[in-house]
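Below is one structure; the comments refer to it alone.
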Amino acid sequence: MRWNTMSFKDWIQYLLGRIIWYMETPKEQRKEVKQSQKESWSVRWFGLIPLSIKMYVHKQRSRIRGG
18 MRWNTMSFKD WIQYLLGRII WYMETPKEQR KEVKQSQKES WSVRWFGLIP LSIKMYVHKQ
78 RSRIRGG
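Per the working numbering, the very first residue in the sequence shown carries number 18; after that it's consecutive.
Spelled out as structure tokens, the structure:
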């Protein structure tokens with residue numbers, strides 16, 4: 018949904034829908050949804066660079082052990 022093309026009426030409908038969902042959803046379920054969408058701090062701050070370094074180090078370690 019593009020925010021700059023939304024009319025005021027559409028924006029209010031979206032906002033009210035989010036508020037109603039929040040009020041009707043149990044606290045435990047909201048926590049589960051939040052945890053499932055959460056990404057690790059290293060990915061959030063540095064992108065995929067830490068993941069690529071971890072994969073490289075793992076590959077080198079397994080190569081040395083198997084060698």
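C-beta atoms are modelled at their ideal positions from N, C-alpha and C, and glycine is treated no differently.
Alpha-carbon spacing of residue i relative to residue j, whole angstroms
{"i": "Glu-41", "j": "Met-23", "result": "25 angstroms"}
{"i": "Gly-34", "j": "Asp-27", "result": "10 angstroms"}
{"i": "Val-74", "j": "Leu-65", "result": "14 angstroms"}
{"i": "Gln-46", "j": "Phe-63", "result": "29 angstroms"}
{"i": "Lys-81", "j": "Lys-55", "result": "What sits at residue 81 in the sequence shown is Ile, not Lys. Rounded to the nearest angstrom, the two C-alpha atoms are 35 angstroms apart."}
{"i": "Lys-44", "j": "Gln-77", "result": "44 angstroms"}
{"i": "Val-50", "j": "Gly-83", "result": "41 angstroms"}
For residue j and residue i, believed in contact at Cβ under 8 angstroms, the rounded distance
{"i": "Pro-67", "j": "Ser-59", "result": "4 angstroms"}
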